[in-house]
Amino acid sequence: MTHKKSIGIDIGGTKICGALIVEGGNILKSVKVDTPQGEASDTAHVVSGVIKEIISNDVVGIGLGVPGWVDHEKGTIYNTPNLSLSGFDLRGAIHDKFNLPVFIDNDANLAVLAEHSFGMAKDYKNVIGLTVGTGIGGGIILNGKVYRGVTGTGAEIGHMVVQPNGPKCGCGSSGCLDVMASGTGLIRAAKERINKGKESQILKLANGNIENIQGPMITKAAENGDKLAKECFDEVGFWLGIGINNLINICNPEMIILGGGVAGTGDLIMDPVRKVILERTISPNKDVCKIVISKLGNEAGMLGAGALVFESSKVSHNN
2 MTHKKSIGID IGGTKICGAL IVEGGNILKS VKVDTPQGEA SDTAHVVSGV IKEIISNDVV
62 GIGLGVPGWV DHEKGTIYNT PNLSLSGFDL RGAIHDKFNL PVFIDNDANL AVLAEHSFGM
122 AKDYKNVIGL TVGTGIGGGI ILNGKVYRGV TGTGAEIGHM VVQPNGPKCG CGSSGCLDVM
182 ASGTGLIRAA KERINKGKES QILKLANGNI ENIQGPMITK AAENGDKLAK ECFDEVGFWL
242 GIGINNLINI CNPEMIILGG GVAGTGDLIM DPVRKVILER TISPNKDVCK IVISKLGNEA
302 GMLGAGALVF ESSKVSHNN
């Protein structure tokens, strides 16, 4: 039996990753290049170059993952905060170049689709994926299908407000999960404490310059027993726990999968998260929900984009 092949492209703020993927989830070939910082047409040109490097004659379609608000059905890119793709018909540009079916979606939707298709959530129908890195992205699988809402911009979990009086978010609101529980929030928590005169290894790791502080420095300090660094993780973990608590109480999922750099810090972030869930989440819901760390890593975006092709091809065939 011959398995279908697709191309999955994950377009990030700094890197564009592409893979030739077999229907079962195996990656046959992959490429990673820098994301151009110019016009949308430059990005389309680089994406085309990546596709040319990995394409084969038996590819059934191309999937594109974009960090922003995307209408999956119409192919419209409403807003990409870190890329100049807003309003650009990327799907059309790639289709014209390769004359293959092209599908596009938000990258966080595709990360959870990858988990549902090939990863830890393969046997589950109600799953939430959270990517906790510099910011927070999320995707929801309900009854076995990606939930996108009316305009395709649903499941913007990072913009759930958890602290109404919190810092301003890039979306225009204040106190979103994105600014409270991300790597950005972790760095802010450290700077606030150090600016108040509290001592920490973090400043030494940043060569004495508070503006040089990065997430891995806070992680290293916390692992070395630094009290201030541990406080930062407790704060960020609390807010992440509040967000996850809300999701579990509202959606009643079987599994929540965490990915991204902050999630990769293990018990430093997970201990305060578990504490919130234990204290605040209603029993029937928390009893059935597993909270796990993704094993797909940086391949989740590409795999999800490839899975989108297979899923969309099945829908078209059935219709």
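Residue numbering for the sequence shown follows this note's numbering, starting at 2 and increasing by one per position.
Every residue, glycine too, gets a C-beta built ideally from N, C-alpha and C.
- Looking at the DSSP output, Gly-138 shares a beta bridge with Thr-132.
- DSSP places Ser-175 within a strand segment (E or B) once states are collapsed to three.
- Its chain contains Asp-43, Thr-44 and Val-47 as the residues whose beta carbon lies nearer than 7 Å to that of Pro-37, once the 5 sequence neighbours on both sides are disregarded; these appear in chain order.
- Just measuring C-alpha positions, the residue of Ile-129, Leu-114, Gly-184 and Leu-309 sitting nearest Gly-216 is Gly-184.
- A check of alpha carbon separations from Asp-35 across Gly-50, Leu-29 and Lys-146 identifies Gly-50 as the nearest.
- Around the beta carbon of Ile-141, 16 or more other beta carbons lie within 10 angstroms, which makes this residue buried.
- Setting aside the 5 residues that flank it on each side, Lys-231 is surrounded in the same chain by Ala-223, each with a C-beta closer than 6 Å to its C-beta; the list follows chain order.
- Counting along the chain, Ala-20 sits inside the beta strand (DSSP E) bounded by residues 16 to 23.
- Per DSSP, the unbroken beta strand (DSSP E) holding Lys-33 starts and ends at 28 to 35.
- The continuous beta strand (DSSP E) containing Lys-291 extends over residues 291 to 294.
- Taking the Cα positions, Lys-221 is about 9 Å away from Gln-202.
- Runs of the beta strand (DSSP E) spanning 3 or more residues and lying entirely within the segment 30 to 72 occur at 60 to 67 and 70 to 72, in chain order.
- As a beta-bridge residue in DSSP terms, Gly-260 pairs with Thr-132.
- Beta-bridge partners assigned by DSSP to Val-103: Ile-63.
- Taking a 10 Å sphere around the C-beta of Lys-6, we find 16 or more other C-beta atoms and assign the residue as buried.
- In terms of Cβ geometry, Asp-108 and Pro-68 form a close pair [threshold 8 Å].
- Here the alpha carbon of Leu-304 sits roughly 5 Å from the alpha carbon of Ala-115.
- Rounded to whole angstroms, Gly-76 and Asp-97 show a C-alpha spacing of 14 Å.
- Considered as a whole, the segment 208 to 255 harbours 216 to 224 and 228 to 252 as its complete alpha helix (DSSP H) runs of no fewer than 4 residues, in chain order.
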